[in-house]
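Take a look at the structure set out below.
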Amino acid sequence: MPTPTEHGRPDAETTTLARSHDGRPIADRGDTVCVIGAGASGLTAIKNLAEHGFGVDCYERETGIGGAWNWRHDRSPVYASTHLISSRPFTQFPDFPMPDDWPDYPHHSQLLSYFERYADHFDLRRHIWFGTEVVRIEPVDGDRWDVTTRSTGGYGPERTSRYAAVLIANGHNWSPKLPRYDGLEQFRGEVMHASSYKDPAQLRGKRVLVVGAGNTGCDIAVEAAQQASHCWHSTRRGYWYAPKYVFGRPADQVNDTLLALRVPLRARQWLYHRTLRLTVGDLTRFGLPAPDHRVYETHPIANSQLVYHVGHGAITPVPDVARLHPHSVELTDGRQIDPELVVFATGYLPRFEFLDAKILGDDEGVGRPRLWLNAFVPNHPTLAVAGLLQPDSGLFPLVHWQAVLFARLLHTRLTRPDRADAFAGRVSAGAGERYSGRVKDSTRHWFEVGHVDYLRALERALRDLEGK
Numbered sequence: 344m345p346t347p348t349e350h351g352r353p354d355a356e357t358t359t360l361a362r363s364h365d366g367r368p369i370a371d372r373g374d375t376v377c378v379i380g381a382g383a384s385g386l387t388a389i390k391n392l393a394e395h396g397f398g399v400d401c402y403e404r405e406t407g408i409g410g411a412w413n414w415r416h417d418r419s420p421v422y423a424s425t426h427l428i429s430s431r432p433f434t435q436f437p438d439f440p441m442p443d444d445w446p447d448y449p450h451h452s453q454l455l456s457y458f459e460r461y462a463d464h465f466d467l468r469r470h471i472w473f474g475t476e477v478v479r480i481e482p483v484d485g486d487r488w489d490v491t492t493r494s495t496g497g498y499g500p501e502r503t504s505r506y507a508a509v510l511i512a513n514g515h516n517w518s519p520k521l522p523r524y525d526g527l528e529q530f531r532g533e534v535m536h537a538s539s540y541k542d543p544a545q546l547r548g549k550r551v552l553v554v555g556a557g558n559t560g561c562d563i564a565v566e567a568a569q570q571a572s573h574c575w576h577s578t579r580r581g582y583w584y585a586p587k588y589v590f591g592r593p594a595d596q597v598n599d600t601l602l603a604l605r606v607p608l609r610a611r612q613w614l615y616h617r618t619l620r621l622t623v624g625d626l627t628r629f630g631l632p633a634p635d636h637r638v639y640e641t642h643p644i645a646n647s648q649l650v651y652h653v654g655h656g657a658i659t660p661v662p663d664v665a666r667l668h669p670h671s672v673e674l675t676d677g678r679q680i681d682p683e684l685v686v687f688a689t690g691y692l693p694r695f696e697f698l699d700a701k702i703l704g705d706d707e708g709v710g711r712p713r714l715w716l717n718a719f720v721p722n723h724p725t726l727a728v729a730g731l732l733q734p735d736s737g738l739f740p741l742v743h744w745q746a747v748l749f750a751r752l753l754h755t756r757l758t759r760p761d762r763a764d765a766f767a768g769r770v771s772a773g774a775g776e777r778y779s780g781r782v783k784d785s786t787r788h789w790f791e792v793g794h795v796d797y798l799r800a801l802e803r804a805l806r807d808l809e810g811k
């Protein structure tokens, strides 16, 4: 395992407390905070914790920063054409703007360079142990945590360190959610999850079925329309397909203007419906199912090209898959199609393999923690999760303020324990609250938040914590 000095981080004094069950020493890191993951959420956590005076050790299983946005990483869901679906002003960290000459929707390679510059500007690399994965996190001595790590891949000895607090930022878009269909094991064609999709060459000349209507599924269907010999796109229900530009501006900027003006939800829904009728029209005439919900009740599908290719006959919309046969796929309407390649763009589920799921309130172990503000853990004030959000705009500003709130909570525990205790009571009472309007109850929307409501909730929490 690399030593701290090998990563440019100064050695910190440690004290051996005891030995683990197998004789390994446990090193006390004092008031140091452990951060798991050096993606976007982990980086802003390191930065804000350090700014509040805390020592920080960050463990990153890969050899570089960037998390999901670093396409070199094994777990990255990024493919060659990946761009932001939220526009640049609503995605950048509030204290580190993206360059003004960048496009409205930057490419994934630009995002990675942005994180590289962010890490260099705030001197974050010295806190990171690269090539190190977390094996276990266990609560000890009240609100402290034993964190056991080892070199990625399981090589070398394990090391256990004791921390004052832990912030989990391991991402939630890396563990594929795979569907279960009768006959899937007997299907003779090629099957892959979207997490394995990297380049349109994988589709070239093949008959392709894309299952799933999320943003990734729509992107792959669009690329299959241009590269495959035929493309079917299977969806379980109808969706609202939002163009990336509305009235000449990025769609999220127009929506944010309406939110800033406090336009009621019903009025925004009416305006959105009318705009789609005038620009996109009735999608059922193309064979797409009618949505069974109103706009803003599911996560928006930001794609300007899907309807274009459906309208040109390059994508054939089909209903959900009923079952698979060795040489065909049967649909719920009784039709059978004969794809050579099936791509399951069926999403991801969060996983915290290093921690007892019940600690996060996930009593059933399904990957749905019960947290306050989707971040703070009831009965464990020194443990939090960063970035477990599916916002209607950019994620990074929200995670920045999550990290600020956690850092100030830890500081308040040292300076005003009475306020910290009151905050802990609020966390326990509010766990599981939603910060969005009425949304479909599906795994895809478990962590849905409206960014304006969520930021207001964070602001109220900061004021309460500071007694304002």
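First residue of the sequence shown? That's 344 in the numbering used here, and the numbers climb one at a time after it.
All C-beta atoms in this analysis are idealised placements derived from N, C-alpha and C, irrespective of residue type, glycine included.
Just so we're clear, the structure is a prediction, and the values are computed from it rather than from any experiment.
Apart from the five residues just before and just after residue i, which ones in its own chain have a Cβ nearer than 7 Å to its Cβ?
i: W445; result: R431, Q453
i: R479; result: T491, F697
i: R418; result: W517
i: V638; result: W583, Q612, Y615, H616
Based on the DSSP output, what are the partners of residue i in its beta bridges?
i: R505; result: D371, D489
i: H576; result: V553, P660
i: F790; result: According to DSSP, which records beta bridges pairwise, F790 is partnered with nothing at all.
i: D525; result: R666
i: F436; result: F439
i: I428; result: Note: I428 sits in no beta bridge, so no partner.
i: W715; result: F719
i: I471; result: C401
i: H450; result: H426
i: L510; result: V378, A727
i: A294; result: Absent from the model: residue 294. The displayed extent of the chain is 344 to 811, so no value can be given.
i: V477; result: T492
i: P519; result: Y691
In whole angstroms, give me the CA-to-CA distance for residue i and residue j.
i: T641; j: S494; result: 40 Å
i: L716; j: L801; result: 8 Å
i: L752; j: T387; result: 16 Å
i: G555; j: T689; result: 5 Å
i: L619; j: R469; result: 49 Å
i: R678; j: V664; result: 10 Å
i: D625; j: H616; result: 10 Å
i: P539; j: G382; result: Just to set this straight, residue 539 is Ser in the shown sequence, not Pro. Distance between the alpha carbons of S539 and G382 is about 19 Å.
i: N516; j: T725; result: 24 Å
i: G560; j: A537; result: 8 Å
i: L714; j: L731; result: 10 Å
i: L608; j: G630; result: 29 Å
i: G526; j: I680; result: 14 Å
i: A718; j: W613; result: 33 Å
i: F695; j: G410; result: 16 Å
i: R806; j: L467; result: 28 Å
i: V553; j: D542; result: 15 Å
i: E829; j: I408; result: Absent from the model: residue 829. The displayed extent of the chain is 344 to 811, so no value can be given.
i: G557; j: I389; result: 31 Å
i: D705; j: A727; result: 14 Å
i: H743; j: A763; result: 20 Å
i: V685; j: K549; result: 10 Å
i: W414; j: P760; result: 43 Å
i: D635; j: T627; result: 12 Å
i: Y422; j: Y461; result: 23 Å
i: T346; j: A393; result: Note that T346 has pLDDT 36, beneath the 50 cutoff, so the model's placement of it is unreliable and the number below is only indicative. Between T346 and A393, the C-alpha separation is close to 20 Å.
i: D562; j: A568; result: 10 Å
i: G773; j: A804; result: 12 Å
Just to confirm before moving on: does the CB-CB distance between residue i and residue j stay below 8 Å?
i: W575; j: I644; result: no
i: V376; j: A512; result: no
i: P593; j: D447; result: yes
i: P669; j: Q529; result: yes
i: T434; j: F790; result: no
i: G474; j: T425; result: no
i: L808; j: F766; result: yes
i: R404; j: E476; result: yes
i: G737; j: S456; result: no
Could you pull out every residue in the same chain whose Cβ sits closer than 8 Å to the Cβ of residue i, ignoring the five residues on either side in sequence?
i: V565; result: N646, Q648, L649, H652, I658
i: R372; result: A355, T357, G398, D400, S504, R505, Y506, A507
i: V483; result: D489, R505
i: V597; result: V589, F590
Report all residues from its chain with a CB closer than 6 Å to the CB of residue i; omit the five preceding and five following residues, and keep chain order.
i: S771; result: P721
i: E481; result: D489
i: P662; result: L674, T675, D676
i: R579; result: D663
i: I702; result: none
i: W472; result: Y402
i: E533; result: L684
Kindly examine the ligand NAD and report whether one of its heavy atoms sits closer than 7 Å to the Cβ of residue i.
i: L726; result: This structure lacks the ligand NAD; in fact it carries no ligand of any kind.
* **Any beta strand (DSSP E) of 3 or more consecutive residues that is wholly inside the stretch 634-702** => Restricting attention to beta strand (DSSP E) runs no shorter than 3 residues, the stretch 634-702 encloses them at 659-661, 664-668, 671-674, 684-687, ordered along the chain.
* Whole runs of the alpha helix (DSSP H) within the stretch 719-774, excluding any shorter than 4 residues -> Listed in chain order, they are 739-758, 760-773.
* Length-filtered (4 minimum) alpha helix (DSSP H) runs lying within the stretch 587-619 -> Complete alpha helix (DSSP H) runs here, min 4: 594-603.
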